[in-house]
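Working notes, structure below.
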């Protein structure tokens with residue numbers, strides 16, 4: 001009888017805590033311990049980028065105090081948004097384990113299209129932008145067709161695309177080679193001066209914390225109802241408050257001078273939308289599965305070709321959108337647009353942010369974090385007046401370091417039994 | 420055409436029937452003129468030496484490779500599957516020898532891969548509950564369904580793969596070497612599970628090299644040799660008969676050893692010619 005009473009008194013074990021061999025960390029100290037063990041086994045996440053950013057900012061701030069001024073940071077955010085959007089597409093294509101080397105050319109071509117259609121042909125600006133992004137989607141679909149039907153490796157098809165699209169860009173720009181977008185037009189204002197009103201910026205900065213808290217509470221309630229383990233309300237509250245305080249401080253600092261650019265707001269909005277799509281939808285799950293084990297995904301009934309097509313098309317559309325933004329930023333569409341380091345910066349940003357070159361691992365926020373690192377380096381080197389030759393060398397070295405960290409972390413993950 | 424493929428299987432209905440199925444990879448004939456019948460509530464073991472074509476046959480049934488020739492009848496309908504999802508939709512679930520799991524995804528994501536609940540806002544809680552239930556049915560010892568598959572042992576991965584195959588309530592389950600990577604207790608669990616699946620009226624095709632396991636659960640043993648049918652046996656057939664059919668020789672090291680021990684063996688072999 002005593003055992004019956006005991007059974008009644010003891011709470012039912014949680015459905016996912018039945019195995020005594022697994023240690024489950026609890027509380028704040030547990031969270032720190034499991035974070036350290038993750039890092040030690042090579043699951044670095046965003047750690048390298050945060051460490052890198054602190055080092056870079058400290059170095060440049062000590063070399064030139066203008067670097068961390070609120071004015072320069074606002075400028076930095078304007079610059080981040082253009083290549084950042086391109087990098088977001090690179091994250092998509094890297095997750096399925098492929099690459100697009102033509103994003104730079106494509107962004108230049110898109111800016112040229114907007115210049116020709118809007119300024120020269122007199123189309124409405126929105127129609128010109130829509131046309132440029134659609135053409136981007138078509139080019140991405142063409143890569144996908146070559147990849148799916150012909151089996152052409154993506155780095156070859158996109159490398160030839162790099163040259164071909166550059167040719168298209170030169171062709172439609174013609175002999176002049178450059179089209180100025182009218183100052184004062186909404187598109188150029190958006191790319192150069194429009195910032196959020198202070199109150200709007202504060203309100204938007206409060207949003208991520210609130211959303212984190214709301215979805216977290218909902219998950220806790222659902223999991224408790226289903227007799228599954230859940231994180232504690234306290235931990236969730238601390239996290240939500242930390243996110244909110246950090247973002248509000250950033251906004252407060254930026255509001256000291258120009259404020260938060262609307263273009264950066266658009267970029268962050270796209271990042272959040274992509275992050276949701278990649279982690280919380282069937283499509284995102286399929287993308288990760290295809291990048292991890294293509295054959296397993298195919299056997300699970302996933303339409304692998306469609307997933308590749310969506311990744312290529314999305315990457316090219318983001319590249320075109322980034323090109324339009326950079327045209328707005330520079331108020332011109334020229335033969336220089338999209339050449340030079342745009343390609344490499346976009347790919348480097350995704351990799352530095354923690355998206356693996358080997359496929360199957362990555363998140364949309366890596367584009368955001370990575371591009372801030374890349375643009376910080378570019379901005380800092382410009383401020384201390386280094387020649388572009390040195391800038392290229394340093395950016396190249398940073399990319400090499402990022403890929404080395406990625407490769408070493410991957411090796412460590414394999415030996416520690418983490419994917 | 421008495422019922423739709425989605426309807427319940429009547430007992431001892433002929434679930435799957437292959438006639439004259441062949442598969443060639445270039446000049447190599449992996450399978451030649453294979454016939455195979457599987458009834459509801461029956462476990463058919465597919466045995467044969469390495470290269471006999473067992474895995475190729477399973478891949479044809481799973482929709483991975485199309486057959487070069489022959490007809491496949493599934494629940495009295497002629498069917499062709501162009502891709503794995505077509506076979507899945509019909510009700511043929513497969514556990515591949517290489518398991519086909521995504522190592523970078525966790526256990527829940529793998530079990531529900533391609534069949535996620537609520538595609539636009541994944542219902543993680545319901546998927547996790549269902550995963551735990553499936554794994555509990557298999558008496559699985561999975562430490563956490565939120566661990567990535569890369570961190571699981573071979574046996575645990577096998578369990579995840581089998582749990583995944585049961586998710587869609589299939590009519591026919593194909594198991595390619597289901598017990599090869601398992602420990603003693605887990606092998607017994609999987610064999611129990613196969614019997615439970617049979618009791619639910621599903622057809623089971625199981626490939627195995629382990630004659631003990633085959634004899635323990637199979638209702639019929641189909642022998643393949645060099646890509647051809649080489650006899651159908653009942654589970655009480657002697658090792659000598661099975662080995663003879665598998666290797667194609669009655670005089671080999673295994674049969675000689677058996678003969679030295681017990682010179683007389685009664686033949687239960689029933690050659691089946693359609």
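Residue numbers (my numbering), protein chains in the order written: chain D, 1 to 419; chain W, 420 to 693. Glycine included, C-beta positions come from ideal geometry on N, C-alpha and C.
Beta carbon proximity, residue i to chain A, threshold 8 Å
i, result
"residue 515 (chain W)", "Annotation note: the requested chain A is absent from the structure, which comprises protein chains D and W."
Extent of the continuous beta strand (DSSP E) to which residue i belongs
i, result
"residue 458 (chain W)", "447-458"
"residue 640 (chain W)", "639-644"
"residue 595 (chain W)", "591-595"
"residue 464 (chain W)", "462-466"
"residue 500 (chain W)", "First-last for residue 500 (chain W): undefined, no H or E at that position."
"residue 625 (chain W)", "622-626"
CA nearest to the CA of residue i, picked from the options
i, options, result
"residue 447 (chain W)", "W:662, W:462, W:645, W:594", "W:645"
"residue 173 (chain D)", "D:230, D:247, D:334, D:264", "D:334"
"residue 467 (chain W)", "W:656, W:627, W:478, W:549", "W:627"
"residue 551 (chain W)", "W:527, W:500, W:438", "W:527"
"residue 375 (chain D)", "D:52, D:118, D:37, D:33", "D:52"
"residue 341 (chain D)", "D:86, D:30, D:61, D:34", "D:86"
"residue 618 (chain W)", "W:659, W:458, W:537", "W:458"
"residue 615 (chain W)", "W:649, W:667, W:557", "W:557"
"residue 568 (chain W)", "W:593, W:592, W:588, W:519", "W:519"
"residue 238 (chain D)", "D:216, D:264, D:349, D:193", "D:216"
"residue 201 (chain D)", "D:155, D:265, D:160", "D:265"
"residue 487 (chain W)", "W:545, W:442, W:508", "W:442"
"residue 476 (chain W)", "W:648, W:664, W:507, W:543", "W:648"
"residue 654 (chain W)", "W:660, W:434, W:666, W:640", "W:640"
"residue 186 (chain D)", "D:226, D:133, D:31, D:331", "D:331"
"residue 260 (chain D)", "D:310, D:190, D:328", "D:190"
"residue 169 (chain D)", "D:337, D:153, D:349", "D:337"
"residue 563 (chain W)", "D:358, D:369, D:309, D:228", "D:228"
"residue 489 (chain W)", "W:565, W:532, W:437", "W:437"
"residue 529 (chain W)", "W:605, W:495, W:566", "W:566"
"residue 298 (chain D)", "W:631, W:482, W:561, W:571", "W:482"
"residue 368 (chain D)", "D:347, D:156, D:159, D:167", "D:347"
"residue 472 (chain W)", "W:460, W:491, W:451", "W:451"
Residue i: first and last residue of the uninterrupted alpha helix (DSSP H) it sits in
i, result
"residue 650 (chain W)", "It is not in any alpha helix (DSSP H) - residue 650 (chain W) instead sits in the beta strand (DSSP E) that spans 647-652."
"residue 413 (chain D)", "388-415"
"residue 255 (chain D)", "It is not in any alpha helix (DSSP H) - residue 255 (chain D) carries neither H nor E in the DSSP assignment."
"residue 603 (chain W)", "603-618"
"residue 371 (chain D)", "365-383"
"residue 98 (chain D)", "Here residue 98 (chain D) belongs to no alpha helix (DSSP H), and DSSP marks it neither H nor E."
"residue 443 (chain W)", "Taken as a continuous stretch (DSSP letters only), residue 443 (chain W) belongs to no alpha helix (DSSP H), being part of the beta strand (DSSP E) at 433-444."
"residue 631 (chain W)", "630-636"
"residue 656 (chain W)", "Looking at the DSSP string, residue 656 (chain W) is not in any alpha helix (DSSP H), and its letter there is neither H nor E."
"residue 345 (chain D)", "342-352"
"residue 667 (chain W)", "Per DSSP, residue 667 (chain W) belongs to no alpha helix (DSSP H) and is neither H nor E."
*Taking only runs of the alpha helix (DSSP H) that begin and end inside the segment 118-201 of chain D, which ones reach a length of at least 4 residues, in chain order?*
125-145, 154-173, 186-192
*Mind the definition here: the segment 404-415 of chain D touches the segment 382-396 of chain D only if three or more C-beta pairs lie below 8 Å; say whether that holds.*
With the cut-off at 8 Å, the segment 404-415 of chain D and the segment 382-396 of chain D do not touch.
_Counting beta carbon pairs with one atom in the segment 392-411 of chain D and one in the segment 76-83 of chain D, are three or more of them shorter than 8 Å?_
no
*Where are the beta strand (DSSP E) runs, 3 residues long or more, that stay fully inside the segment 285-340 of chain D, in chain order?*
When DSSP assignments are scanned along the segment 285-340 of chain D, the uninterrupted stretches of beta strand (DSSP E) that are 3 or more residues long and fall wholly within it turn out to be 332-334.
*How do the segment 147-156 of chain D and the segment 85-92 of chain D stand: do at least 3 beta-carbon pairs fall below 8 Å, yes or no?*
no
_Across the segment 600-615 of chain W and the segment 577-588 of chain W, are there enough close Cβ pairs to call them in contact, namely three or more that are closer than 8 Å?_
Taking 8 Å as the limit for Cβ pairs, the verdict is that the segment 577-588 of chain W does touch the segment 600-615 of chain W.
*Kindly confirm or deny that the segment 293-300 of chain D and the segment 66-73 of chain D touch, where touching means at least three C-beta pairs closer than 8 Å.*
no
_What ranges does the alpha helix (DSSP H) occupy inside the segment 506-565 of chain W, keeping only unbroken runs of at least 4 residues that lie completely in it?_
For the alpha helix (DSSP H) assignment, the uninterrupted runs of no fewer than 4 residues enclosed by the segment 506-565 of chain W are, from N- to C-terminal side, 526-530, 543-556.
*Using a Cβ-Cβ cut-off of less than 9 Å, give me the residues of the segment 297-311 of chain D that come near chain W, in sequence order.*
297, 298, 299, 300, 301, 302, 303
*Segment contact flag, the segment 112-124 of chain D with the segment 278-290 of chain D, C-beta cutoff 8 Å, min 3 pairs*: no
*Using a Cβ-Cβ cut-off of less than 7 Å, give me the residues of the segment 202-228 of chain D that come near chain W, in sequence order.*
Only those residues of the segment 202-228 of chain D whose C-beta falls short of 7 Å from the nearest C-beta of chain W are listed: 222, 223, 226, 228.
*Which residues, in chain order, does the segment 344-367 of chain D contribute to contact with chain W at a C-beta distance below 7 Å?*
If you check each beta-carbon in the segment 344-367 of chain D against every beta-carbon of chain W, the ones closer than 7 Å belong to 360, 361.
*Could you list the residues in the segment 583-612 of chain W with a C-beta less than 9 Å from some C-beta on chain D, going in chain order?*
Only 583 from the segment 583-612 of chain W bring a Cβ to less than 9 Å from some Cβ of chain D.
*Would you check if there are 3 or more beta carbon pairs closer than 8 Å linking the segment 97-108 of chain D to the segment 306-324 of chain D?*
yes
_With a threshold of 8 Å, are at least 3 pairs of Cβ atoms found where one atom belongs to the segment 296-305 of chain D and the other to the segment 489-508 of chain W?_
yes
*Spell out a yes or no on whether the segment 137-147 of chain D and the segment 190-210 of chain D are touching, meaning 3 or more CB-CB pairs, one atom from each, closer than 8 Å.*
Between the segment 137-147 of chain D and the segment 190-210 of chain D, the count of Cβ pairs shorter than 8 Å is below three; the stretches do not touch.
*Hey, is the segment 508-519 of chain W in contact with the segment 581-594 of chain W, meaning 3+ C-beta pairs nearer than 8 Å?*
yes
*When Cβ atoms are compared, which residues of the segment 527-544 of chain W fall closer than 7 Å to chain D?*
528, 532, 533, 535, 538, 539, 540, 541, 544
_At least 3 beta-carbon pairs within less than 8 Å: the segment 202-210 of chain D vs the segment 241-249 of chain D_ = yes
*Is it a yes or a no for the segment 273-286 of chain D touching the segment 522-539 of chain W, going by three-plus beta-carbon pairs under 8 Å?*
Under the 8 Å Cβ criterion, the segment 273-286 of chain D counts as touching the segment 522-539 of chain W, having at least three qualifying pairs.
*Which residues, in order along the segment 642-665 of chain W, keep a beta-carbon less than 7 Å from a beta-carbon of chain D?*
Those would be none; no residue qualifies.
*asked:* What are the residues in the segment 262-296 of chain D lying within 8 Å of chain W by C-beta distance?
replied: 280, 281, 282, 283, 285, 286, 288, 289, 291, 292, 293, 295, 296
*Which residues, in chain order, does the segment 477-495 of chain W contribute to contact with chain D at a C-beta distance below 9 Å?*
481, 482, 483
*asked:* Check whether the segment 174-182 of chain D and the segment 226-242 of chain D touch, using three or more Cβ-Cβ pairs below 8 Å as the test.
replied: no
*Any residues in the segment 384-409 of chain D with a beta carbon nearer than 9 Å to a beta carbon of chain W? Which ones, in chain order?*
none
*Where the segment 431-462 of chain W meets chain D: residues whose CB sits under 9 Å from a CB there*: So the list is empty, because no residue satisfies the distance condition.
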